Amino acid sequence: MKSVIERMKEENTEYKIAVFRQKQSLPYEAKVAHAEIRAREFYHELDGMCCVSVGGLDSITLLLFLRSLGIDVPAVSVSSLEDKSIQKIHKELGVIELKPLKSKVEVIREFGYPVISKETAGKISHIQHPTPKNATVRHAIITGETGEYGGFRSGTRMRLAQKWLDLFGGPENENEGTHYQTAPFLVSDRCCYYLKEKPCSDYQKQTGRAPYLGLMASEGGRRQKALMMHGCNYYSKASTRSAPFAVFSRQDLLQLALDLKVPVPEIYGEIVRDEDGTLRTTKAQRTGCSMCGFGIHMEGRPHRFDRLRENNPREWEFWMYQMGWGRVLDYIGVEWENEPGETIGQTALW
Ligand code: SF4
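Per the working numbering, the very first residue in the sequence shown carries number 15; after that it's consecutive.
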């Protein structure tokens, strides 16, 4: 049975999420006004010691939104990870370039491939790096049972999805009496940390500035719940940040980009309105690192590696053949070598 404190915590969470959802349902103009209030509040709270973390269209729009309010703080980015057309806009907007801690090649060689999702990759990485310390976690990842420290719960979300257990659970076969496969490559959730997060947090530490981020809860992902719980502005010892667009939908973001005449990087094409009034970009809807494998198993074709092949065949060859991405995709059952639309029987073998 749940304790009173657990129930109170749950109710508090539900309440916060309900309030957040209510804000998400406001009309566009009200959400923009709300974003302005939150952005100004953050600026004053920190005496202007802020910066803007810039990547793709969302955060480029945030940068121009803040500038339109007279909030002119340094904009920073690990630009080299972005598409060339995004890098071009960063330069035009005077974004300060931060260097990644390691190269993408080094990260993959040292730690493994960022594939499936950050959460799943983290779990697989535990299984691939067994230590006495992570024994309870590994058991929970295989079985869903949390053991003594987790209150002896079973059937928890800690368990890897069956599909991934079948492919990656092998290192635990002896401990668990299972017959799962062992992948002949490492998987890691550390990539973003070395390439993006650490350079940004180092900048923030060195300068004493806290970031504005272009995050939106409507985009889902692992930060969705934290955004809903903590709202637009969050101040704590571990992390202080502002996400003025937290309650925005994609439509709100694109509308604001149009209103502010934001320069749209070429990789997105242009922002157009369909007959039913829906806004969309004519090329990429979202961008990220060209060789990232997070979410690839859920993407239809042409997927991001197909697009990379079209835009930059040499880079595609490098990642697929020399850096082993092709074999990783084969292993998880994602087609890549044939032309999109031409399905072949695949065997997941390395
Ligand atoms: S988005 Fe993917 S490839 Fe880019 S840094 Fe993060 S994990 Fe690595």
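Cβ atoms here follow ideal geometry from the backbone N, Cα and C, with glycine treated the same way.
From a predicted model like this one, the values you see are computed outputs, not experimental measurements.
Pairwise C-alpha distance: residue j and residue i
i: R255; j: S67; result: 10 Å
i: K105; j: P41; result: 34 Å
i: V109; j: L77; result: 10 Å
i: A175; j: G314; result: 20 Å
i: G347; j: V119; result: 23 Å
i: R54; j: G136; result: 36 Å
i: M230; j: E188; result: 43 Å
i: Q36; j: A252; result: 28 Å
i: Q360; j: Q218; result: Its pLDDT being 45, under 50, Q360 is placed unreliably by the model, and the measurement read from it follows with that caveat. For Q360 and Q218, the distance between alpha carbons rounds to 46 Å.
i: L268; j: T196; result: 44 Å
i: I122; j: V18; result: 46 Å
i: E289; j: L107; result: 33 Å
i: G222; j: M63; result: 7 Å
i: P146; j: Y345; result: 29 Å
i: D97; j: R323; result: 14 Å
i: H311; j: D320; result: 13 Å
i: Q47; j: E353; result: Looking at the sequence shown, residue 47 is not Gln but Ala. Cα-Cα distance, rounded: 47 Å.
i: P114; j: R21; result: 43 Å
i: Y127; j: R167; result: 31 Å
i: Y57; j: D86; result: 10 Å
i: I31; j: S82; result: 30 Å
i: F199; j: E50; result: 47 Å
i: R171; j: Y207; result: 24 Å
i: E59; j: Y249; result: 10 Å
Counterpart residues of residue i in DSSP-defined beta bridges
i: S93; result: S93 is not bridged to any residue.
i: L293; result: R287
i: N247; result: S256
i: F56; result: F56 pairs with nothing; no bridge assigned.
i: F308; result: I130
i: A224; result: C64
Ligand 3 heavy atom lying under 6 Å from the CB of residue i
i: L209; result: Inclusion of ligand 3 in the displayed structure is not the case, the ligand content consisting of ligand 1 alone.
For residue i, three-class secondary structure by DSSP
i: G136; result: helix
i: S253; result: coil
i: G340; result: helix
i: V348; result: coil
i: L363; result: Confidence in L363 is poor, its pLDDT being 41 and thus under 50, which makes the residue's placement unreliable; the coordinate value appears in the next sentence. Of the three classes helix, strand and coil, the one that applies to L363 here is coil, per DSSP.
i: P185; result: helix
i: Y217; result: helix
i: E111; result: strand
i: V87; result: coil
i: V201; result: strand
i: Y194; result: coil
i: L274; result: coil
i: S82; result: helix
i: M230; result: coil
i: C206; result: helix
i: H48; result: helix
i: P327; result: helix
Cutoff 8 Å; reference residue i; Cβ partners in own chain excluding five residues on either side
i: G161; result: T150, H153, A154
i: T27; result: M243
i: R173; result: A154, I155, I156, T157, G158, L179
i: L272; result: I285, L293
i: P185; result: I141, Q142, P144, T196
Residue i, buried or exposed, once every other Cβ within 10 Å from all chains shown has been counted against 16
i: S215; result: exposed
i: W350; result: buried
i: N325; result: exposed
i: D61; result: exposed
i: R52; result: buried
i: G228; result: buried
i: R236; result: exposed
i: H193; result: exposed
i: N247; result: buried
i: V129; result: buried
i: K210; result: buried
i: S131; result: buried
i: D203; result: buried
i: T75; result: buried
i: G169; result: exposed
i: P88; result: exposed
i: S94; result: exposed
i: S367; result: Here the chain covers residues 15 to 364 and nothing more, so residue 367 does not appear.
i: P225; result: buried
i: Y29; result: exposed
i: G307; result: buried
Same chain only: Cβ atoms within 6 Å of residue i, ignoring 5 sequence neighbours per side
i: Q38; result: V261
i: W333; result: M305, W339
i: F34; result: M242
i: S73; result: G228
i: A298; result: I281, Y282
i: F182; result: I138, A197
i: E190; result: I156
Residues of its chain near residue i, where Cβ-Cβ distance is below 7 Å and the 5 sequence neighbours each way are ignored
i: K45; result: V261, F262, D266
i: I100; result: G70, P279, I281, T301
i: H317; result: I310
i: N148; result: H140
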